[in-house]
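Take 1333 as the starting number for the sequence shown in our numbering and just add one per residue. Here is the structure we will look at, set down as structure tokens.
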Amino acid sequence: MSFHLNSRNILDTIEMIEKYRLDIRTVTMGISLLSCSRSTMEETCRAVYDLVVSRASRLVEVCQGIEAELGIPIVNKRISVTPVALITAGVEGNPADVARALDRAAREVGVNFLGGYSALVAKGATTSEKA
């Protein structure tokens, strides 16, 4: 399968960007937090923060490079993480502290949204999941 660039394709793309406001709605980076569970909530929060910041430190920069290269804006840069209840079950402390660690990490890396402060509760909820 070959792809040929021709002036008509280029002009069509420019028209879509300018006239129809073509954009890339969202780029999402998924990060597994399963390795972050520790014996205390404070240690768990630190591990979560460190992992998110290390993995996503260049996400916004890379998206901006793609925007510049393609000439198409990327509206939202976001991160999705493992359901937090999976890493806080059995850890002493307040699972809401992990939400605060995630919020700090999101601000640090400059993303628009971070999702995943959730639980798997289709068949009931544990104490950790209720938090």
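The beta carbon of each residue, even a glycine, is placed where N, CA and C say it ideally should be. Owing to the predicted nature of the structure, the values given are computational and were not obtained by experimental measurement.
- A Cβ-Cβ separation of about 17 Å leaves Leu1446 out of contact with Val1394 under the 8 Å criterion.
- Our two residues, Cys1368 and Val1385, have alpha carbons roughly 13 Å apart in a direct line.
- Residue range Ile1406 to Val1413 is occupied by the beta strand (DSSP E) that includes Ser1412.
- Looking at the DSSP output, Thr1420 sits in no beta bridge, so it has no partner there.
- Rounded to whole angstroms, Ser1364 and Glu1440 show a C-alpha spacing of 18 Å.
- In the structure shown, the three-state DSSP call for Leu1343 is helix.
- Less than 9 Å separates the beta-carbon of Thr1376 from that of Gly1425.
- Taken through DSSP and simplified to helix, strand or coil, Gly1442 comes out as coil.
- Ile1404 sits away from Gly1448, with the two beta carbons spaced by 9 Å or more.
- Distance check between Met1373 and each of Ala1417, Val1407 and Val1430 places Val1430 closest, using alpha-carbon atoms only.
- For Val1359, the pairing in a beta bridge is given by DSSP as Lys1409.
- Ser1371 sits away from Val1416, with the two beta carbons spaced by 9 Å or more.
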